[in-house]
């Protein structure tokens, strides 16, 4: 069983890498509006050691040994962010393996509450649908981001985890403003650094499919551009809350390598 925690220094390092300066991570009043009693850790930061630990077990799965790792095999990691994780709380990570599936649970060391729950399995993503927007991450940005990621998170060495983080950072930069403008009906340009005013945004889930060869430390991803497409934002309103799922598909050299489904909740304070 693994134990770890996240302080403000870790939160600031993730924000510096991802551009995610959502006030719930830095402003106690915003965190309390989201239902927490303390400043909140980014969901993606919480998942970094989880995904690193999962990768250690990945190639031990039946049918996914090193001889089966190629561009035809896919892996899915599905994460449900059940509770907001406070900063400076000790967490423990446990696993349960069943056949070709690895389940995991993240709980506080002091009680049985569940903060994050999910599993890793083999699953091919659905074919890409029509995109509403397409974005390019150039080779220079990828190279510089890789250096920054290694500097900020030296304990996380897996290429697929870096690419997952990079796509999320680009999602924050390029897609979240579009989503906020759509939901709020505002026409003005916006970035997450501007704050959300009376609106609170919380990530509820994170599911990523990735090609199994991305778990190979020798995978060549530098020197080429990445392209990711944003599918239509599927949302529904429940009272004063808006729930939605963002779907992203990423390709390298015109070959699909990753797909995301990111669950969000937004509401007025």
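Residue numbers (the numbering used here): 258 to 526. The C-beta atom is built at its ideal place from N, Cα and C for all residues, glycine as well.
(1) What is the rounded straight-line gap between the Cα of residue 503 and the Cα of residue 303?
(2) If you drop the 5 nearest sequence neighbours on each side, which residues of the same chain put their C-beta closer than 8 Å to that of residue 396?
(3) Using a 10 Å radius around the Cβ and a threshold of 16 neighbouring Cβ atoms, would you call residue 275 buried or exposed?
(4) Using the rule of at least 16 other Cβ atoms within 10 Å of the residue's Cβ for burial, across every protein chain shown, is residue 277 buried or exposed?
(5) Would you kindly check if the distance between the Cβ of residue 263 and the Cβ of residue 349 is under 8 Å?
(6) Sorted by chain position, which residues of the same chain lie with C-beta nearer than 6 Å to residue 342's C-beta, five sequence neighbours on each side aside?
(7) Are the CB atoms of residue 331 and residue 382 within a distance shorter than 8 Å?
(8) Could you compute how far the alpha carbon of residue 496 sits from the alpha carbon of residue 523?
(9) Can you list, in chain order, the residues of its chain with a C-beta nearer than 6 Å to that of residue 273? Leave out the 5 residues immediately preceding and following it.
(10) Going along the chain, which residues of its own chain have a beta-carbon closer than 6 Å to the beta-carbon of residue 258, five neighbours each way excluded?
(11) Can you name the start and end residues of the alpha helix (DSSP H) that residue 211 belongs to?
(12) Can at least three beta-carbon pairs, one atom from the stretch 334-341 and one from the stretch 459-475, be found at a separation below 8 Å?
(13) Give me the DSSP bridge partner(s) of residue 565.
(14) Out of 405, 392, 370 and 355, point me to the one whose CA is closest to residue 314's CA.
(15) What's the C-alpha gap between residue 467 and residue 423?
(16) Assess contact between the stretch 483-495 and the stretch 505-517, defined as three or more Cβ pairs (one per stretch) separated by less than 8 Å. Is contact present?
(17) My output table needs one value for residue 317: the three-state DSSP class, helix, strand or coil.
(18) Kindly indicate which three-state DSSP category residue 261 falls into: helix, strand or coil?
(19) Reducing DSSP to helix, strand and coil, say where residue 277 ends up.
(20) Measure the alpha-carbon distance for residue 265 versus residue 271 and round it to whole angstroms.
(21) What residue range does the alpha helix (DSSP H) around residue 397 cover?
(22) Rounded to whole angstroms, what is the Cα-Cα separation between residue 361 and residue 471?
(23) Decide if residue 357 is buried, meaning its Cβ has at least 16 other Cβ atoms within 10 Å, or exposed.
(24) I need the DSSP call for residue 282, collapsed to helix, strand or coil.
(25) In terms of residue numbering, what span does the beta strand (DSSP E) encompassing residue 525 cover?
(26) Residues in its own chain within less than 7 Å of residue 346 by CB, not counting five upstream and five downstream?
(27) Three-state secondary structure (DSSP) at residue 298?
(28) Kindly list the residues whose CB is nearer than 6 Å to the CB of residue 334, restricted to its own chain and excluding five residues on each side of it in sequence; keep chain order.
This is what the structure holds:
(1) 20 Å
(2) If you ignore the 5 residues before and after residue 396, its C-beta comes within less than 8 Å of the C-beta of 479, 480, 481 and 482, all in its own chain and listed in chain order.
(3) buried
(4) buried
(5) no
(6) In chain order, 298, 303 and 372 place their CB closer than 6 Å to the CB of residue 342, counting only its own chain and leaving out the 5 sequence neighbours on each side.
(7) yes
(8) 11 Å
(9) none
(10) If you ignore the 5 residues before and after residue 258, its C-beta comes within less than 6 Å of the C-beta of 349 and 351, all in its own chain and listed in chain order.
(11) What is shown of the chain runs 258 to 526, which leaves residue 211 out entirely.
(12) yes
(13) Nothing in the structure corresponds to residue 565, since the chain is present only between 258 and 526.
(14) The shortest Cα separation from residue 314 among 405, 392, 370 and 355 belongs to 355.
(15) Taking the straight line joining both Cα atoms gives about 13 Å.
(16) yes
(17) coil
(18) strand
(19) In the three-state reduction of the DSSP assignment, residue 277 falls in the coil class, being assigned neither a helical nor a strand state.
(20) 10 Å
(21) 396-409
(22) In a straight line, the C-alpha of residue 361 is about 21 Å away from that of residue 471.
(23) exposed
(24) helix
(25) 512-525
(26) Once the five neighbours on either side are set aside, the close Cβ partners of residue 346 are 262 and 365.
(27) Note: residue 298 maps to coil in three-state DSSP.
(28) 377 and 465
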